[in-house]
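Step one of this worksheet: look at the structure below.
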Ligand code: PMP
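In the working numbering, the protein residues as written are 1 to 417.
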């Protein structure tokens with residue numbers, strides 16, 4: 001079996017015909033060596049300091065240690081906030097290091113109940129369930145709610161966790177944010193399925209753009225479909241008080257199921273589903289990944305503190321928006337191509353997988369840590385460098401990023417004059 005390493009992507013190694021997983025792994029290792037040798041395997045570097053605007057990083061072949069970091073989803077910088085760290089430590093002091101059991105049989109503590117109520121109230125709703133990751137919040141709840149009689153209608157750019165959730169049901173996808181295509185699917189699938197659920201992100205994780213929620217709510221109501229919204233990247237970032245796209249459109253009550261993660265602006269780890277009390281009660285006992293898995297550790301008490309701080313210290317969101325605008329303006333004046341981003345995710349479109357990897361490595365040489373996003377996360381022609389801005393970046397650090405890009409443009413000719 002031969003794979004063309006120069007043009008291959010991770011996807012080519014998923015299921016190689018005629019070989020067993022040990023042979024896949026051998027071939028994969030050869031590929032990793034090939035890519036590493038060429039400076040194209042810019043993933044999984046060892047970070048040696050806390051999550052922040054500058055990190056200590058070990059990059060093979062590069063001497064420097066300190067890098068301006070644009071890879072973190074800790075958009076408000078709360079992982080380093082003294083009040084949040086203090087809450088996590090106090091949680092461990094009071095309850096110990098682990099929860100010790102799954103929720104139905106001993107692992108459901110008062111701090112879990114408080115967090116569930118707090119996140120429901122954050123979205124002006126009455127009930128929520130938490131999961132140990134945002135990934136399982138999506139995959140587990142969809143698997144519990146949609147079966148082979150049903151249909152999930154997905155924006156093509158939804159997160160991998162939603163795709164995985166749909167393995168037990170039928171799916172139809174519409175091109176990203178294409179409302180005519182969504183309407184066509186809703187019209188043509190009428191009376192064919194028991195339940196139809198449209199599933200979208202609020203902020204899309206690769207483009208940073210927003211879902212047209214008003215139009216989607218209208219279509220779901222008109223055609224009798226439920227709506228599930230994952231606003232992992234919008235919460236704490238979008239809307240006047242950080243409730244995400246539902247706040248921006250003032251559609252708190254119209255979205256049937258809201259999901260999200262505690263791993264981004266909430267500065268810890270975990271996920272949640274907010275919905276009607278009966279649906280939440282159903283998920284508490286029918287969602288397999290919830291019922292058969294241990295609950296979050298006592299350190300997760302810090303999430304409740306983070307939820308409070310979003311309201312108590314709005315200055316972090318203000319600073320984040322200042323930084324987002326500063327970086328986007330900077331890229332535009334350099335002539336770089338970006339997306340219609342309205343969030344803290346700022347991509348620069350490169351369009352060629354190998355050039356993308358080369359640029360990622362050049363940025364590292366210049367002391368900038370950004371992510372190369374390639375197929376299958378995006379289509380091949382949409383290869384890009386994705387950067388995430390934090391409230392705790394200083395303008396001088398963002399200037400360093402812009403200077404590095406100027407150097408990259410000179411070296412690679414990325415911007416055509
Ligand atoms: N939804 C979206 C849109 C995401 O981008 C991610 C992860 N980055 C998740 C869900 C999963 O969240 P977690 O990291 O908490 O598993």
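We put the beta carbon where it would ideally sit given N, CA and C, even for glycine.
Straight across, the Cα-Cα distance linking residue 251 with residue 308 is about 22 Å. One thing to note: residue 373 has its Cβ no nearer than 8 Å to the Cβ of residue 412.
Membership of residue 245 in the alpha helix (DSSP H) is indicated by the continuous run 245–248. At least one heavy atom of ligand 1 lies closer than 7 Å to the C-beta of residue 230. Not a single heavy atom of ligand 1 lies less than 7 Å from the C-beta of residue 223. A residue is called buried when at least 16 other Cβ atoms come within 10 angstroms of its Cβ; residue 22 does not meet this threshold and is exposed.
DSSP, reduced to helix, strand and coil, places residue 64 outside both helices and strands of the structure shown, so it counts as coil. DSSP places residue 170 in the strand class (E or B) of the three-state scheme. Distance from the C-beta of residue 271 to the nearest heavy atom of ligand 1 is below 7 Å. Look at residue 21 here: in three-state DSSP terms it is helix. Within the model, the alpha-carbon separation for residue 112 versus residue 106 is close to 12 Å. Judged by beta-carbon spacing, residue 319 lies within the 8 Å limit of residue 391, meaning their Cβ atoms are closer than that value. With contacts defined as CB atoms closer than 8 Å, residue 269 and residue 129 fail to qualify as a contacting pair. Rounded to whole angstroms, the separation of the alpha carbons of residue 416 and residue 133 is 42 Å. Relative to residue 276, the option among 127, 81, 61 and 406 whose CA is nearest is 127.
Remark: the C-beta of residue 233 is in contact range of ligand 1, defined as less than 7 Å to any heavy atom.
Residue 7 and residue 352 have their C-alpha atoms spaced approximately 10 Å apart. Assignment of residue 201 by DSSP, reduced to helix, strand and coil, places it in the strand class. Distances taken from the Cβ of residue 135 to the heavy atoms of ligand 1 include one shorter than 7 Å.
In the structure shown, residue 238 falls within a coil segment according to DSSP collapsed to helix, strand and coil.
The closest heavy atom of ligand 1 lies 7 Å or more from the beta carbon of residue 209. Between the segment 226–242 and the segment 196–213, the count of C-beta pairs closer than 8 Å reaches three or more; the two stretches touch.
By the neighbour-count criterion, in which 16 or more other beta carbons inside 10 Å mark a residue as buried, residue 228 falls on the buried side.
Note on geometry: alpha-carbon atoms of residue 2 and residue 317 lie some 50 Å from one another. Distance from the CA atom of residue 387 to the CA atom of residue 185, rounded to whole angstroms, is 33 Å. In this model, residue 365 and residue 341 are separated by some 27 Å (Cα to Cα). In this structure, residue 211 lies near residue 245, with their beta-carbon atoms less than 8 Å apart.
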